[in-house]
Amino acid sequence: MLLRFDLLGPLVVTREGRPVPLGSVKQRLLLAALLLRPNDVVGTDELAAVLWADEAPPSAAANLRTYVRGLRRSLGGGESWQGISAAARGYRIRVGPAERDLDRFDAAAARGRDALAAGDAALAEVELAAAVGMWRGAALSGLPLHPSLAWRVGQVEERRMVAEEDYAEAMLALGSRAEVVQRLRALLDRHPLRQRAWGQLMLGLYRIGDVAGALDAFRQARQVLAEQAGLEPAPQLTRLRNDILHHRPGLAASSATGPDGPVRGAAPPDPLTGRPAQLPLAVPEFVGRGAELANLDALLDEGAPGPTTVVISAVSGMAGVGKTALALHWAHRMAGHFPDGQLYANLRGYDDADAMSPDDALLGFLEALGVPHARIPSGVQARIGRYRDLLASRRMLVVLDNARDSDQVRPLLPGAGRCVVVVTSRDRLSGLVAEESAVPLTLDVLTTEESMSLLSRRLGSDRLAAEPAAVTGIIAATGRLPLALSMVAARIATHASFPLDAIAAELHAAEARLDALANGDARRVFSWSYLALGRDASRLFRLLGLHPGPDLTVDAAAALAGVPVPAVLPPLRELTRLHLLAEHVPGRYAFHDLLRGYAAELAESSEHADERLAARHRLYDYYLHDAYPAALLLQPQWAPIDPVPPLPAQLRRPAADHDTALAWFTAERRVLLRLVVQAAETGFEAYAWQIAWTLNTFLAPSGLWQEQLATQRVALAAAEKIDDVAGQAATNRLLARAFTRLGQHDTAEFRLRRALELHERLGDPTGQAQTLHNYCELCYLRGRPEEALALGREALRLYRLAGNSSGEARTLNAIGWLYASAGDYPQAIASCTEALARQQRSGDRNGQAATLDSLGFAYDRLGEHDRALSCYEQAIRLFRDSADRYHEAETLIRLGETRESIADLPGAATAWRRAAQIYDELGDQAAEDARRRLERLG
66 MLLRFDLLGP LVVTREGRPV PLGSVKQRLL LAALLLRPND VVGTDELAAV LWADEAPPSA
126 AANLRTYVRG LRRSLGGGES WQGISAAARG YRIRVGPAER DLDRFDAAAA RGRDALAAGD
186 AALAEVELAA AVGMWRGAAL SGLPLHPSLA WRVGQVEERR MVAEEDYAEA MLALGSRAEV
246 VQRLRALLDR HPLRQRAWGQ LMLGLYRIGD VAGALDAFRQ ARQVLAEQAG LEPAPQLTRL
306 RNDILHHRPG LAASSATGPD GPVRGAAPPD PLTGRPAQLP LAVPEFVGRG AELANLDALL
366 DEGAPGPTTV VISAVSGMAG VGKTALALHW AHRMAGHFPD GQLYANLRGY DDADAMSPDD
426 ALLGFLEALG VPHARIPSGV QARIGRYRDL LASRRMLVVL DNARDSDQVR PLLPGAGRCV
486 VVVTSRDRLS GLVAEESAVP LTLDVLTTEE SMSLLSRRLG SDRLAAEPAA VTGIIAATGR
546 LPLALSMVAA RIATHASFPL DAIAAELHAA EARLDALANG DARRVFSWSY LALGRDASRL
606 FRLLGLHPGP DLTVDAAAAL AGVPVPAVLP PLRELTRLHL LAEHVPGRYA FHDLLRGYAA
666 ELAESSEHAD ERLAARHRLY DYYLHDAYPA ALLLQPQWAP IDPVPPLPAQ LRRPAADHDT
726 ALAWFTAERR VLLRLVVQAA ETGFEAYAWQ IAWTLNTFLA PSGLWQEQLA TQRVALAAAE
786 KIDDVAGQAA TNRLLARAFT RLGQHDTAEF RLRRALELHE RLGDPTGQAQ TLHNYCELCY
846 LRGRPEEALA LGREALRLYR LAGNSSGEAR TLNAIGWLYA SAGDYPQAIA SCTEALARQQ
906 RSGDRNGQAA TLDSLGFAYD RLGEHDRALS CYEQAIRLFR DSADRYHEAE TLIRLGETRE
966 SIADLPGAAT AWRRAAQIYD ELGDQAAEDA RRRLERLG
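Shown next as structure tokens:
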């Protein structure tokens, strides 16, 4: 019985050429999950996640067995097919060679690449045509894919794109220019950031005599790269354009020759416009690890076979064993092997309060790759796609430090390209080893000889030779753990006159005073180092344990200690000199996570209760009164709150302008997210909700709705606990905004009603007006336009009563939009024109964008298309300047409608294509509507 499994399109199984019915969606998902890992055990937990996401029923295990039985019957033609077998904690599907269309595709694509490399363009064209011809649509289309499946499908789709480009290269070499132009246009419609394909398109157009078309393709590439990725064309693409302008002879002949010569790509793979170099400083006195470094060196050879190979090393070991030091030492030593640069992220996997999400890591990588913040997608899947697109066919080193587990790492793996990824973790990362073929490398503590070498480099061989027994004792006391050895060496170096046997005795005495823990050797050294600190440094070390992390500035340290900045600098220097604290970036200090836990334990001891309370008060006061003026600079139109009065004699360095405020929130965002929770849990509830309010001025414009939701929930609970009516009113309204953006309209309406009730109790007309304005928008979204208009008019009355001109202007626009939606275009234009004049006087650029969009809509409906186009294009520019991507996409849809109505179909297609791209990146279902519009145009 011959079964074939086809994944390159909708999932199809055939038996002897006839389709096999596969049953329910869940059965098909189960089969897809098994087929993406053929002949390998897929765990029941992973299968449950694929079938039920995070909502597996109590009967999941039984249901899974039922689906397996159903699949076996379907695949066996009524009998139980034995190709699916149960294994330890999972299931395996047995698939033979070439039974999956994916295997046949990979084999044909590899033969095609080999033929290209050998100079046989004709054979390459045959093999690559067969490979790309196997695709019937998007892989596994029609199935609701769990992120783990979507990630694997994304890898498959990347291989398809590379094969398409290789096929285009072979066709260009054989002179099939018209056909290759058509194929490349279709490819670039789907994947507009592939610069290799743009270069091939330019060359194909040039060779059919369309020089103007080739130059126009370059202009299109430059525009789409700027608009969608904030990038400039690669140098090779620019050189190709210059060659076309000057009709240089090399362009006329095929650049990928036949059997008589080597193949050279018509357009080189698209390099990055910048070369990231994110590696932190390596440990200056790295010692030993010769075998481990040799294992890492071997990765470079493993990455050699082809352009789509990604090599992964999983470096694991206990905390403090030197995983990061090894990875960075090797990365710096081998940086020259990676011409496109190095990316680095500390994933903080074992920091329970602030492990770095893949979403945040991708944000940092995309910024390093040259994508402006305003152009970075908000959805994690869109960020993964952009990241992998930029790394395809590149030679880069990616270091993922301090990962918690395989799931934290997977979204950060390149989909293709000759990249090497080094991951460090306390976990063995067996998932990466099993599923992504990562090469495991386990670190143990240093050998005695390596430990001796480390101490010798720090202290000098003469000093060690004078007291060999003491050195042996010190090495034994530290357990040969590099972190502990480094701390001991740092202290010994600052006390050149201390005999080493005294140090060894102190270490062994410290051991007797400590409880036995799994990391007892490190803990012994921590205690010994702490007890040896000066008074000010030991006090600061304890107080730093109160900070929520992940890092802090000198100013924050001074606030905690309650001293001026000059007074906190000496103890900070003492802590860094003794390796108890690290200045990981200029001006920002962080603990090793083991040391943070130790400092927190000291800080929470009962003997320091009064000092702990006062220090926390100073800390929250410092952050609130730095954040509040910065928040007003970011959102000057927002009605202010009445913050807790500042403590006397605290350091104040408020942001001076919008850019400084934005930079401050960008640097402190992770701290503030943790601080809100900590303040609420430690009896400082007023600080909790007010810091959350300031943070919202940064989160909301950035589209970080989930973070806004999480912080405002904590803030509301804190305000309710202390019966702070103003705090409850503000947090209910901000919660409603997050719920509205996340599509939870019932909950949003409940919160808005509660906010309105609280603002009325306070006698706060501005707060009522803000809430009514938000309620007006929600009613419109829910299809209640008459109620929305009534709410808008009441908001306008209250804004005027309060003398709030900015709020009045924004509400005039909202009312104008409602008039336009009801068909009263003259009244809409009058209301919006009044709003626009007020916004231009006040400098409210985002408000102007929204009002211009409303005016464009009204003018379009009146048939005044030129005025509509002008308004829309101004609105798009202003939305883009303020990084309001959602509303930019909405206006692009309306711009496309106006262009379609005047028969400018290319202009309409351009607008809708850009809108679809933005909606995809935001994870918004409106992308489907944009694509349907494009399909209608043909």
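Taking our numbering, the leading residue of the sequence shown gets 66, the next gets one more, and so forth.
Glycine residues also receive a C-beta, built at the ideal position from the N, C-alpha and C atoms.
Asked, Found
"HIS930 versus ILE967 - alpha carbon distance", "8 Å"
"Enclosing alpha helix (DSSP H) for ASP405 [first to last residue]", "No alpha helix (DSSP H) contains ASP405, which DSSP labels as neither H nor E."
"Unbroken beta strand (DSSP E) run spanning GLU57, endpoints", "As displayed, the chain neither begins before 66 nor continues past 1003, which places residue 57 out of reach and without an answer."
"Member of ALA915, HIS394 and ARG932 whose CA lies at the smallest distance from the CA of ARG945", "ALA915"
"Nearest to VAL218 (by Cα), restricted to the options ARG284, ALA204, ASP362 and GLN809", "ALA204"
"Buried/exposed call for SER502, threshold 16 Cβ in 10 Å", "exposed"
"Burial state of LEU866 (16 or more Cβ within 10 Å)", "exposed"
"Option nearest ALA396 by Cα separation, candidates ALA420, ASP425, LEU364 and ASP424", "LEU364"
"Residue closest to LEU478, alpha-carbon to alpha-carbon, out of TYR845, ARG493 and LEU455", "LEU455"
"ALA834 versus ARG997: straight-line alpha-carbon distance, rounded", "38 Å"
"With 16 other Cβ atoms within 10 Å as the buried cut-off, status of HIS682", "buried"
"Three-way DSSP call (helix, strand, coil) for PRO84 in this model", "strand"
"Under 8 Å between C-beta atoms of ARG154 and GLY108", "yes"
"Beta-carbon separation (whole angstroms), PRO701 vs ALA720, contact threshold 8 Å", "The Cβ separation is near 13 Å, so there is no contact."
"Bridge-paired residues (DSSP) for PHE351", "Answer by DSSP bridge pairing: none, since PHE351 is not bridged."
"Inter-residue spacing [alpha-carbon to alpha-carbon] between ALA626 and THR762", "29 Å"
"Three-state secondary structure (DSSP) of PHE70", "strand"
"Assigned exposure category for THR805 - 16 Cβ within 10 Å defines buried", "buried"
"According to DSSP, residues forming a beta bridge with LEU462", "GLN407 and VAL485"
"Bounding residues of the alpha helix (DSSP H) (the contiguous stretch that carries GLY198)", "186-198"
"Range covered by the beta strand (DSSP E) that runs through TYR654", "653-655"
"First through last residue of the alpha helix (DSSP H) which encompasses TYR752", "750-764"
"Nearest-angstrom Cα separation, counted from GLN220 out to ARG556", "50 Å"
"Check whether LEU408 and ALA468 have beta carbons under 8 Å apart", "no"
"6 Å Cβ shell around LEU605 - same chain, five flanking residues per side excluded", "ALA626 and PRO636"
"THR759 vs ALA692 beta-carbon contact at 8 Å", "yes"
"Bridge-paired residues (DSSP) for ILE377", "VAL486"
"Candidates PRO710, TRP770, PRO705 and ARG778, of which the one nearest VAL741 by Cα", "ARG778"
"Coil, strand or helix - LEU617 by DSSP", "strand"
"Unbroken stretches of the beta strand (DSSP E), 3 residues or longer, contained in the stretch 485-565", "485-490 and 504-507"
"Cβ shell of ARG138 (< 8 Å), same chain only, five flanking positions each side left out", "GLU144, SER145 and TRP146"
"GLY142 to ALA992 span [Cα, whole Å]", "40 Å"
"Inter-residue spacing [alpha-carbon to alpha-carbon] between ALA801 and GLU432", "31 Å"
"ALA561 versus LEU643: straight-line alpha-carbon distance, rounded", "14 Å"
"Reduced DSSP secondary structure (H/G/I, E/B, other) of SER592", "helix"
"GLU234 versus ALA299: straight-line alpha-carbon distance, rounded", "18 Å"
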